[in-house]
Amino acid sequence: MSNRIAEGFTMSEYFRDIGSSITTIMTGMGITLRHFFNAVKRKGGAGIDEDNYFKQVDGLATLQYPREAIPTPETGRYRLYCDINDCIGCKQCERACPIDCITIETIKVTKDDLGVCGKTSGGQQKKFWVPVFDIDIAQCMTCGICAAVCPTECLYHTQVSDFSEFRRENMIYHFGNLTKLEAEAKEKKLEEEKKAAPKPKPKPAPKAQPAEGG
Amino acid sequence: MNTGALLPNSFPFVMSTSLNAWSDALSELYLFGLPLGLVIIAAVPLVFIALYALTYGVYGERKISAFMQDRLGPMEVGAWGILQTLADILKLLQKEDIVNKSADKFLFVIGPGVLFVGSFLAFAVLPFGPAFIGADLNVGLFYAIGIVALEVVGILAAGWGSNNKWALYGAIRSVAQIVSYEIPAAIAILCGAMMAGTLSMQQFNLLQEGPYGFLHFFLFQNPIAWLPFIIYFIASLAETNRAPFDIPEAESELVAGYFTEYTGMKFAVIFLAEYGSMFMVSAIISIVFLGGWNSPLPNVGSLALNDWTNGPVWGAFWIIMKGFFFIFIQMWLRWTLPRLRVDQLMHLCWKVLTPFAFVAFVLIAVWEIYVK
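Protein sequences, first through last, are from chains A and B.
The numbering of the first sequence is the numbering used here, which starts it at 1035 and goes up by one.
The numbering of the second sequence is the numbering used here, which starts it at 53 and goes up by one.
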């Protein structure tokens, strides 16, 4: 109706405008009223790939998020998770990470502890304790490079998509499998073994950096 | 007179069906020489506005709008979010009452006051049932329309006093809109006054009383009455700045229109005034065209539905329900129609509603004089 106002319009157009206004308002109000009365129903959880997605248009669409949620896809890659029992402490993920959000500290396993340290689920002997395996989830951008380089596939993205926290410290996830005391004990043990061992083994280099613990 | 008048023989007073029995009895109630009854009479509409704005006005509108948009609305505070408005009020009360540095302090402060007083004064002539009315003026309807127009002054004071271009735009739009729409609204109401032959609010109700319920309402007493009814309803939307005529407070253009700069209690008062006048125009339209506090149910044979559902308490129920019904339609329209542009608004008022109001005026006059 608006554009014709300026141009000046005839009597029949005037009444046609009023008629169309009334009918369109009625149509619109009919639609809103139908939705109002359909508010007793819920829309249901059909996903976009289901056949009846476009058929289930009536009813409330809101999901009350923390209590109700559309499940993330099974193949979804969200929060990074480390299955520390399978970790061999190779630190490849730490090196691969483009934003350095993974921090790993390892202690070499002494010979007598190899059995205690155990094997990965793939049957590979673990040669490092991993007292510190920290992932700063707040920084992680889920690029997945770390998961790609992981030789034992113990580092992967899970389906969990909501992991907000009130404190930033809580966003650093600790996956290490030794307590601080245990780590100190293991370090001391390694120290002793090295003293006892014959010299020609120039391998203490990786051990140099393990710090006071995690 | 002292309080003793109320206590021992209050039973016949409560049961009395004579017109204005409650408000007359209250007006004669004195406590220690103070006119306590008059204070109660004045407080009744105030309490009503506050309660209804809190429950139906805010919570109801949120829920209705949510349901119309396939949402749930407030759900967290209390079961189904019922306590949400209380939480909001608590928040509003704690807010700092800011007056801008460069605002016109006097206008800024009195703006919401004038607005609320204008909206609240109209309730003086609103009959809450046959037994209660603040003041049964013989020009009640005229008074109600006139006093509601006082809001324009408050809006302009608020918008100008804010010293904010958006607020001023909102105020100017609002004033232009309200003043324009007064004309079709007044003519449409005049049609009702012609049918009744009176301007007294209680007389309007009494004239629409009868055993056939809704058939006695003026809307069904005259074949043309639907036209002024619709015209007044549309014009009342514009007068209360409700969508689709909410350009004075168009959020997308003017932040919040004339009350952009208001915070805390002043903001709450403006809100309350808006809800007050929303109910007032709904009550006026239901009194003039839909029988006010009369029950719409007809007597069917031995089922005296009309007789059973009339009386002081039922009267209050019916008028409030009729008011709420029109407020529901206002909300329904708000969530259906997009906002009109200024030129469309003026086109609708001056080129559509006003001529049709005149036509309705003449037709109803002819009907009342020659046919009835």
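Even glycine gets a Cβ: it sits at the ideal position worked out from N, Cα and C.
All values derive from a computational prediction rather than experimental measurement.
If we ignore side chains and look at the alpha-carbon of each, how far apart do residue i and residue j end up?
i, j, result
"T1192 (chain A)", "I230 (chain B)", "60 Å"
"D156 (chain B)", "R393 (chain B)", "30 Å"
"E80 (chain B)", "W384 (chain B)", "42 Å"
"G375 (chain B)", "S334 (chain B)", "5 Å"
"G1025 (chain A)", "D1147 (chain A)", "The requested residue 1025 (chain A) is not part of the displayed model; chain A covers only 1035 to 1248."
"K147 (chain B)", "G316 (chain B)", "5 Å"
"T1154 (chain A)", "R1101 (chain A)", "37 Å"
"A219 (chain B)", "I381 (chain B)", "28 Å"
"V161 (chain B)", "F413 (chain B)", "41 Å"
"A1219 (chain A)", "L1212 (chain A)", "10 Å"
"L1094 (chain A)", "L202 (chain B)", "42 Å"
"T388 (chain B)", "L173 (chain B)", "31 Å"
"E113 (chain B)", "L405 (chain B)", "27 Å"
"R1113 (chain A)", "E1221 (chain A)", "32 Å"
"I1065 (chain A)", "R1050 (chain A)", "22 Å"
"Y82 (chain B)", "S304 (chain B)", "52 Å"
"V96 (chain B)", "N1072 (chain A)", "37 Å"
"Y1190 (chain A)", "I1206 (chain A)", "16 Å"
"V1143 (chain A)", "V1150 (chain A)", "9 Å"
"A1103 (chain A)", "L1097 (chain A)", "6 Å"
"G262 (chain B)", "V340 (chain B)", "15 Å"
"E1047 (chain A)", "I286 (chain B)", "21 Å"
"T250 (chain B)", "F256 (chain B)", "7 Å"
"V418 (chain B)", "H268 (chain B)", "20 Å"
"S1054 (chain A)", "L400 (chain B)", "14 Å"
"L58 (chain B)", "I150 (chain B)", "Reliability of the predicted coordinates at L58 (chain B) is poor, the pLDDT of 44 falling under 50, and the value obtained from them is presented with this limitation in mind. For L58 (chain B) and I150 (chain B), the distance between alpha carbons rounds to 46 Å."
"Q1173 (chain A)", "E1203 (chain A)", "12 Å"
"Y221 (chain B)", "A1181 (chain A)", "59 Å"
"Q260 (chain B)", "L242 (chain B)", "16 Å"
"A245 (chain B)", "T137 (chain B)", "39 Å"
"E291 (chain B)", "I235 (chain B)", "11 Å"
"G1110 (chain A)", "G1178 (chain A)", "12 Å"
Looking at chain A, is there any beta carbon in it that lies within less than 8 Å of the beta carbon of residue i?
i, result
"F319 (chain B)", "no"
Counting along the chain, where does the alpha helix (DSSP H) carrying residue i start and finish?
i, result
"H1069 (chain A)", "M1045 to F1071"
"P164 (chain B)", "K157 to L173"
"L279 (chain B)", "W278 to E291"
"T137 (chain B)", "Q136 to Q146"
"Y233 (chain B)", "K217 to A248"
"L1094 (chain A)", "Note, L1094 (chain A): premise wrong, no alpha helix (DSSP H); not H, not E."
"L103 (chain B)", "L88 to Y104"
"Y195 (chain B)", "G192 to V200"
Taking residue i as the query, report the chain A residues whose CB atoms sit under 8 Å from its CB, ordered along the chain.
i, result
"D430 (chain B)", "The structure shown does not extend to residue 430 (chain B), since chain B spans only 53 to 424, so no value can be given for it."
"I116 (chain B)", "F1070"
"L124 (chain B)", "L1094, T1096 and Q1098"
If I follow the unbroken beta strand (DSSP E) through residue i, where does it start and stop?
i, result
"Y1115 (chain A)", "L1114 to C1116"
"F184 (chain B)", "Element bounds for F184 (chain B): n/a, residue is neither H nor E."
"V1164 (chain A)", "F1162 to D1170"
"E1139 (chain A)", "I1136 to K1142"
"I1206 (chain A)", "I1206 to H1208"
"Y327 (chain B)", "Run containing Y327 (chain B): none in the beta strand (DSSP E); it sits in the alpha helix (DSSP H), G316 to F341."
What residues of chain B sit near residue i, judged by a beta carbon separation below 9 Å?
i, result
"L1067 (chain A)", "M120, W384 and T388"
Does the CB of residue i have a neighbour CB from chain B at under 8 Å?
i, result
"A1182 (chain A)", "no"
"A1073 (chain A)", "yes"
"M1001 (chain A)", "This structure cannot settle anything about residue 1001 (chain A), because the visible part of chain A is limited to 1035 through 1248."
"A1242 (chain A)", "Below a pLDDT of 50, predicted positions are generally treated as unreliable, and A1242 (chain A), at 49, falls in that range; no measurement from the model is reported."
So which residues of chain A does residue i contact, with C-beta pairs closer than 7 Å?
i, result
"V404 (chain B)", "I1052"
For residue i, return the contacting residues in chain A, with the cut-off set at a CB-CB distance below 9 Å.
i, result
"M127 (chain B)", "T1096 and Q1098"
Kindly list, in the order they appear in chain B, the residues whose Cβ is closer than 7 Å to that of residue i.
i, result
"I1059 (chain A)", "L389"
Under the criterion of a Cβ to heavy atom distance below 7 Å, does residue i qualify as lining the ligand PLP?
i, result
"A290 (chain B)", "For the ligand PLP, the structure offers nothing, since it holds no ligand at all."
Contact residues within the segment 296-317 of chain B, judged by C-beta distance below 7 Å to chain A: Those residues of the segment 296-317 of chain B that come within reach of chain A (Cβ to Cβ, closer than 7 Å) do not exist; the list is empty.
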